Amino acid sequence: MSNLEQFRQEVSAWLEQNCPESMRMPMSSFEDIFPGGRNPEMSNPDQKVWCDRMAERGWTVPHWPKEYGGGGLQKAEINILREEMSRIGARPALTSFGISMLGPALLEFGNEEQKREHLPRIVRGDVRWCQGYSEPNAGSDLASLATAAEDKGDHYLINGQKIWTSYADKCDWIFCLVRTDNSGSKHEGISFMLFDMDQPGVTARPIKLISGSSPFCETFFDNAVADKRNLVGEAGKGWTIAKYLLTHEREMISGFGSAPKIAVADMALESIGADASGRLANSVLRQNIAQYQLDTMVFGATMARVGDEAKAAGGLGPASSIFKYYGTELNKRRNELNLAVLGESALGWEGEAYSEGRVSRDWLRSKGNSIEGGTSEVQLNIIAKRVLGLPDA
Amino acid sequence: MSNLEQFRQEVSAWLEQNCPESMRMPMSSFEDIFPGGRNPEMSNPDQKVWCDRMAERGWTVPHWPKEYGGGGLQKAEINILREEMSRIGARPALTSFGISMLGPALLEFGNEEQKREHLPRIVRGDVRWCQGYSEPNAGSDLASLATAAEDKGDHYLINGQKIWTSYADKCDWIFCLVRTDNSGSKHEGISFMLFDMDQPGVTARPIKLISGSSPFCETFFDNAVADKRNLVGEAGKGWTIAKYLLTHEREMISGFGSAPKIAVADMALESIGADASGRLANSVLRQNIAQYQLDTMVFGATMARVGDEAKAAGGLGPASSIFKYYGTELNKRRNELNLAVLGESALGWEGEAYSEGRVSRDWLRSKGNSIEGGTSEVQLNIIAKRVLGLPDA
Amino acid sequence: MALVLNEEQVMLRDAAAGFLAEKATISHLRDLRDSGDEHGFDPEVWREMTEMGWAGIAIPEAFGGLGYGYTGLGLVLEQAGRNLSASPLQSSVLVAATVIGELGSASQKEALLPAIAAGETLVSLALQEAPHHAPLQCAMSASKEGDHFILSGTKLLVMDAPAADAFIVLARTAGAPGDDDGLSAFLLQAETEGLSVAPGKMVDSRAYGTLTLTDVKVAEDQLLGDIGQASKGLGHALDIINIGLASELLGLSAEAFERTAEYLKERKQFGRVIGSFQGLAHRAAELFAELELARSIVLQALQKIDEGDPDLALYASAAKAKLCEVAQRATNEAIQMHGGIGMTDEYEIGFFIKRARVVQHLFGDYNYHLDRFACQSGF
Amino acid sequence: MALVLNEEQVMLRDAAAGFLAEKATISHLRDLRDSGDEHGFDPEVWREMTEMGWAGIAIPEAFGGLGYGYTGLGLVLEQAGRNLSASPLQSSVLVAATVIGELGSASQKEALLPAIAAGETLVSLALQEAPHHAPLQCAMSASKEGDHFILSGTKLLVMDAPAADAFIVLARTAGAPGDDDGLSAFLLQAETEGLSVAPGKMVDSRAYGTLTLTDVKVAEDQLLGDIGQASKGLGHALDIINIGLASELLGLSAEAFERTAEYLKERKQFGRVIGSFQGLAHRAAELFAELELARSIVLQALQKIDEGDPDLALYASAAKAKLCEVAQRATNEAIQMHGGIGMTDEYEIGFFIKRARVVQHLFGDYNYHLDRFACQSGF
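So the protein sequences, as listed, match chains A, B, C and D.
Remember, the working numbering sits 23 above the position in the first sequence when you count from 1.
Remember, the working numbering sits 23 above the position in the second sequence when you count from 1.
Remember, the working numbering sits 5 above the position in the third sequence when you count from 1.
Remember, the working numbering sits 5 above the position in the fourth sequence when you count from 1.
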């Protein structure tokens with residue numbers, strides 16, 4: 024028996040013994056996702072049990088090195104772990120910004136002390152992290168951020184405001200872009216800093232969106248304190264880390280267009296009916312749906328191609344630069360089509376008859392896809408400059 | 024009997040006596056338009072007879088003052104002249120750039136001597152004019168023109184190249200933008216000059232377009248001479264005159280979208296057929312045609328509205344700024360639809376079966392509509408800046 | 006008729022603009038929404054509007070109206086669109102009074118129109134039975150029993166239903182769904198036995214209701230017009246109604262655009278006012294062009310109503326289709342160009358897109374009317 | 006199959022790119038056009054292409070081809086699109102050989118395919134009878150008389166007809182236009198009595214012809230495959246053909262776009278390189294995205310041919326529809342972004358739009374294939 028086969032047997036046996044029954048049920052809502060934290064919100068106490076057991080083996084983040092609390096697994100082993108979890112329907116034990124965003128940044132840019140302090144706590148789900156990037160006057164132009172961090176010897180004193188901080192009201196720590204220097208160009212003088220949200224100088228206020236409540240917050244810093252050992256990388260060199268993470272974020276958001284969904288054409292046939300030849304009765308809507316489904320198919324082929332190219336060449340080709348832009352625009356089209364197809368039943372806001380406005384709220388929420396994580400305009404600028412080599416204005 | 028009624032009777036009687044029978048036939052080709060000139064091209068010698076008779080009374084340009092050879096007529100009288108000509112089907116006696124472009128500029132900016140010298144010759148059709156504006160490196164950015172006019176005391180020496188000079192190979196004189204000064208901003212130092220094309224320093228070469236032969240020329244000046252008294256306005260202040268004339272030109276070109284045409288839907292029904300319910304058999308093409316016809320109807324309503332507003336308020340409203348842009352884009356859509364509707368029969372280039380490529384050549388020619396006379400991009404810039412008040416880049 | 010407003014119309018428009026910008030703004034709509042107001046409009050503001058005669062603008066003087074025609078009503082609806090003013094101006098005035106004007110007998114008009122014009126009674130139309138507008142698909146049966154009819158079934162998307170005093174209910178006295186013949190209109194009081202209203206809020210924060218009729222007994226004199234002959238008059242009324250809604254969409258789109266253009270002049274990114282970026286500037290200029298086209302077709306269609314043009318159906322579908330297209334683009338661009346702040350409930354721009362989609366959908370959306378425009382054009 | 010090229014395919018593509026960029030460029034096409042060349046292609050260049058085996062890329066080795074599959078042929082067609090290379094690669098190889106491969110008996114394939122692969126014979130398909138592609142509408146009758154058939158009628162848009170040695174003519178041995186059954190394919194030599202070719206040049210400067218058949222006598226052994234059963238094989242061949250044309254459109258669009266992007270970096274107006282204007286830059290970036298999507302669907306569809314995917318019709322219509330859309334946009338933008346110079350015959354960019362529209366139209370345009378895509382998708 025090969026090592027991998029033996030590994031599979033061990034994993035299978037361990038999962039069978041350790042994964043609680045309730046953690047093998049399909050997730051039914053956002054609350055079933057476990058983000059960890061000091062006082063984690065749970066839909067079921069088994070969430071913490073399951074997370075703790077997985078974290079003990081480092082399997083909440085199986086690809087991180089063992090010395091930082093990760094599983095230290097190889098690619099083939101990680102695939103086996105995934106397959107075996109999937110076989111019994113085991114839920115992910117821990118899903119967090121710490122794993123997807125801060126961790127990679129620390130592994131790339133953090134010093135040894137920072138890695139040893141923060142990574143294991145992320146693996147265990149002890150600390151829930153939020154991201155402090157955008158400010159009211161620094162949206163697409165993120166680098167013009169103004170939140171000030173004043174050097175006070177062993178710590179920084181932080182004053183200013185962030186916006187669009189996801190779950191800031193529920194998170195324990197923040198990784199935050201602040202300005203430590205105003206003298207140079209706007210890209211210089213930005214620093215990447217970590218600090219505890221549970222201190223008097225920090226206030227977070229949830230933002231209500233046009234689609235209803237949201238995880239986003241406005242976050243205010245009034246003489247908040249960041250210990251100097253929690254400056255990641257050099258002071259004034261935080262922009263490099265920010266750009267690294269923005270790429271991560273865009274790849275996450277670009278997945279929107281690709282989620283499996285009921286074919287909009289089927290919904291339309293049910294809602295509007297077909298003519299004698301089997302064609303959708305409204306020919307205008309039919310064309311709009313055909314164009315959408317064609318572009319969805321073609322976008323899917325492109326994601327597959329880029330994936331195959333990456334496997335073959337070991338890196339992402341230029342086509343990947345269109346994902347965020349095209350995926351989010353496609354999702355907006357899909358949501359507008361939902362309205363056209365479902366008609367009256369999509370336009371409700373409250374009441375059971377309208378599923379509490381699920382369709383309309385999703386539609387409104389989709390409008391933000393092409394704004395958050397770099398607007399479509401910023402994406403087009405990036406393609407024009409970096410891929411096509413067109414000069415700056 | 025009122026004066027106007029008496030005028031109508033006189034006009035009617037004069038036209039009956041003086042308009043040659045052949046000049047009462049509908050025009051069947053471009054050659055039937057009479058542009059005048061030293062050696063005018065004619066499809067029929069009556070063209071010159073008719074022009075001469077009309078010019079004698081100043082009626083080739085009835086609204087210009089009598090002292091410059093015009094008819095000196097009032098609006099009401101001009102309308103009567105038009106109505107009476109239209110009643111007997113009389114063709115316009117003279118159609119020229121001199122009337123539509125140079126004349127208005129001279130009336131506004133020329134000195135008395137220039138008006139007395141040039142306007143009567145325009146009225147009589149003695150001189151055919153062309154316009155020297157664009158250069159190879161000054162297209163949308165017209166003001167960056169480089170054709171140089173060097174001050175030689177009593178005359179200027181002109182060197183450089185113009186492009187898109189309509190009928191330059193057939194015209195007698197040119198009104199031309201030249202640079203008399205390089206020291207200031209690009210809008211300064213431009214002068215508006217008139218000179219004879221029949222001199223050794225001037226060469227005109229027709230340009231072949233993607234649609235076939237065209238009236239456009241490349242025009243070269245190699246020590247061409249312009250007499251100083253033919254500088255219009257002040258030296259270096261020609262940009263004001265150029266802008267004045269550009270507005271004229273755009274209004275002429277924007278008419279493209281509005282010409283009466285066979286409804287494209289009727290052509291499609293004939294070429295593709297209808298389904299049982301009477302709808303065009305191809306539903307995708309049907310939607311494209313519907314969108315085009317809707318926009319054509321809506322654009323027509325807008326031209327009517329702007330016209331009515333102008334009558335009511337005595338000036339063009341902001342909606343007129345969209346004419347050139349929208350009209351030319353609409354005409355391009357129309358020509359693409361012709362291809363989709365007529366299929367194979369629209370794609371021919373030579374041979375009788377394809378009417379010598381009439382449809383395909385029209386289609387190719389239409390691509391230039393949104394380039395000549397200020398590109399669509401320039402039109403959008405103008406709307407953004409002048410109408411919406413958006414700031415410059 | 007020249008495509009310009011006359012003096013009377015300009016005064017009416019300016020009066021409406023002034024009043025609504027003070028009394029029925031987005032801020033008022035927000036308050037109504039957040040207070041959970043059942044009716045979705047302020048009866049006091051509505052009273053003032055009716056006192057100014059707005060409920061009777063398009064109603065002939067013989068029936069207690071001002072007789073200004075639909076061009077006048079369209080101007081007020083345009084201003085209501087600009088301010089997202091919540092009132093029964095759509096449900097009772099544009100829709101119900103128009104249907105009554107088309108279908109009712111002289112005595113029915115005398116009984117109903119002055120009361121609507123005075124704002125004393127609120128009538129709403131109960132037509133739709135499925136998620137999409139398809140008037141001839143009406144299937145609700147009205148079976149004759151002795152000297153009365155029995156109606157049973159469900160009607161969706163009844164505007165201002167919770168506040169309505171009466172409903173015009175479309176039902177079949179003969180024929181099958183899809184048939185022209187056999188459609189009849191009945192006037193039912195809200196408190197009629199067997200009629201119940203399930204209220205609901207749509208995405209625009211306005212009140213709508215689902216009407217359920219269970220063996221409702223209706224007398225013959227509640228028939229509006231002739232039995233089985235409602236479809237022609239209803240069709241003409243729907244053309245007028247769609248042109249009125251196009252007017253509202255025009256105001257709404259123009260306001261959303263103008264607010265966006267202002268924002269483009271204020272907001273700075275990358276050290277520049279964002280309106281100086283040509284990518285945004287060109288899109289704004291294109292949208293301006295579309296809005297000018299929209300303005301033309303709405304005015305033309307309104308005038309065609311008042312001229313009694315026989316091709317009104319063509320103009321109605323042209324106006325509604327074009328305005329659906331323009332409103333969709335204008336409201337989408339409004340949010341995208343505002344960026345993050347446009348996504349927040351606190352900022353007002355998001356209210357436009359919500360109202361827009363409901364008005365776009367009412368009585369046929371873009372897909373419905375572009376298809377109908379092609380049919381009306383003979384292909 | 007992974008959506009990447011294998012080593013063999015990369016080599017083939019690079020070889021084609023190198024050869025065509027030297028021997029069959031737009032400059033050569035211009036010379037052919039201006040010299041009034043009857044055939045519209047250079048037989049010497051075609052001979053060199055066949056010597057490299059390109060005419061047999063997709064033909065199985067058993068029939069004298071290279072057996073590289075259609076993915077290989079697609080790569081060469083893409084390069085032909087880039088260079089607007091004029092040759093019978095479309096008419097004889099992509100179209101005729103594919104139809105023969107689908108319909109012919111083993112002995113017919115043995116007789117024809119090696120000759121096509123070697124460039125010894127040029128075969129072209131005579132299918133279309135009206136301005137639009139509608140294969141089942143074929144009405145030309147082939148009536149049986151004794152041991153042979155009599156064919157009469159007209160065929161349009163026959164590619165490379167003046168140079169063709171033989172034609173595959175579709176005609177009805179039974180049934181009425183629109184019927185699946187009764188379609189038969191016949192192989193006719195060009196010099197057949199009663200068959201005449203009226204040559205014509207289309208807007209792309211390539212040669213096409215109108216075939217007129219007057220009581221042409223055709224023997225039974227000239228039937229390709231079974232009598233009356235051509236429609237299925239023809240349909241499958243048309244799917245392959247449309248994917249091949251999509252490959253050509255991909256190359257053509259990509260080249261037009263790249264030339265335009267280069268021009269945006271060179272041309273100065275208002276003191277700036279015009280590619281720095283965001284209005285143009287955003288449009289170029291959007292077009293880049295569309296071209297990347299186009300590249301994916303073309304490669305996927307080519308692979309589906311070689312995999313023998315049963316849903317090929319869906320992929321074929323998806324690829325052709327998408328590439329028609331992208332080619333139209335890319336060629337229109339190419340001229341608009343080049344401005345005045347793009348309108349001149351002297352400059353090369355205008356050649357792309359001319360070839361594009363013809364290829365878009367051949368065997369079904371955007372409207373045809375988007376409609377078919379919807380039908381294939383079940384709505």
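Idealized CB from N, CA, C, for every residue including glycine.
It should be emphasised that the depicted structure is a prediction, and the values quoted were computed from it without experimental measurement.
In chain C, what lies closer than 7 Å to residue i by C-beta?
i, result
"residue 436 of chain B", "One cannot answer for residue 436 of chain B here, as it falls past the ends of chain B, which runs 24 to 416."
Tell me which residues share the same chain as residue i and place their Cβ nearer than 6 Å to its Cβ, disregarding the 5 neighbours each side in the sequence.
i, result
"residue 387 of chain A", "233 and 234"
"residue 369 of chain D", "138"
"residue 283 of chain A", "Since pLDDT at residue 283 of chain A reaches only 44, below the 50 mark, its modelled position is unreliable, and the value read off the structure follows with that caveat. Taken in chain order, the list of residues that qualify is empty."
Residue i touches chain B at which residues, Cβ-Cβ below 9 Å?
i, result
"residue 280 of chain C", "407, 411, 412, 413 and 414"
Which residues does DSSP list as the beta-bridge partners of residue i?
i, result
"residue 199 of chain B", "B/155 and B/216"
"residue 235 of chain B", "B/232"
"residue 173 of chain A", "A/180"
"residue 227 of chain A", "A/242"
"residue 106 of chain C", "Residue 106 of chain C pairs with nothing; no bridge assigned."
"residue 150 of chain D", "D/153"
"residue 213 of chain C", "C/164 and C/205"
Using a C-beta to C-beta distance shorter than 8 Å, which residues of chain B count as neighbours of residue i?
i, result
"residue 201 of chain C", "Within chain B, no residue comes near residue 201 of chain C; the closest Cβ sits about 39 Å away, beyond 8 Å."
Leaving aside the five residues before and after residue i along the sequence, list all residues of the same chain whose C-beta is less than 7 Å from its C-beta, in chain order.
i, result
"residue 333 of chain B", "339"
"residue 377 of chain B", "368 and 371"
"residue 263 of chain D", "none"
"residue 211 of chain B", "204 and 259"
Quick one: list the residues of chain B neighbouring residue i, beta-carbon separation under 7 Å, in chain order.
i, result
"residue 275 of chain D", "164"
"residue 206 of chain C", "Those within 7 Å of residue 206 of chain C in chain B number zero; the least Cβ separation is about 33 Å."
Enumerate in chain order the residues of its own chain whose CB-to-CB distance from residue i is below 8 Å, with the five nearest sequence positions on each side excluded.
i, result
"residue 273 of chain C", "279"
"residue 429 of chain B", "In the structure as shown, chain B begins at 24 and stops at 416. Residue 429 of chain B is therefore absent and cannot be evaluated."
"residue 8 of chain C", "301, 304, 305 and 308"
Looking at residue i and the ligand GDP, is the gap between the Cβ and the nearest heavy atom below 7 Å?
i, result
"residue 138 of chain C", "As presented, the structure is devoid of all ligands, the ligand GDP included, so that no description of it is given."
Could you list which residues in chain D have their beta carbon closer than 8 Å to that of residue i, in chain order?
i, result
"residue 284 of chain C", "283, 284, 286 and 287"
Could you tell me which chain E residues have their CB closer than 8 Å to the CB of residue i, listed as they occur along the chain?
i, result
"residue 317 of chain A", "Included in the structure are the protein chains A, B, C and D, with no chain E among them."
What residues of chain A sit near residue i, judged by a beta carbon separation below 7 Å?
i, result
"residue 350 of chain C", "231, 232 and 233"
Identify the contact partners of residue i in chain D, using a Cβ-Cβ distance below 9 Å as the criterion.
i, result
"residue 418 of chain A", "Because chain A is modelled from 24 through 416, residue 418 of chain A falls outside the range shown and cannot be assessed."
*Members of the region 287-314 of chain A near chain C, C-beta cut-off 8 Å*: Residues passing the 8 Å Cβ filter: 294, 295, 305, 306, 307, 308 and 311.
*asked:* Any C-beta of chain D within less than 8 Å: which residues of the region 170-204 of chain B qualify?
replied: Residues of the region 170-204 of chain B with a C-beta atom less than 8 Å from some C-beta of chain D are 186 and 187, listed in chain order.
*Return the residues of the region 394-405 of chain B that lie within a Cβ-Cβ distance of less than 9 Å from chain D, sorted by chain order.*
Per Cβ criterion, the list reads 394, 395, 398, 399, 400, 403 and 404.
*asked:* Counting only Cβ-Cβ distances shorter than 8 Å, please list the residues of the region 137-148 of chain C near chain D, keeping chain order.
replied: none
*When you check each C-beta in the region 305-321 of chain D against every C-beta of chain A, which residues fall closer than 7 Å?*
Only 305 from the region 305-321 of chain D bring a Cβ to less than 7 Å from some Cβ of chain A.
*Which of the residues in the region 8-30 of chain D, read from start to end, lie with their CB under 7 Å from any CB of chain A?*
8 and 9
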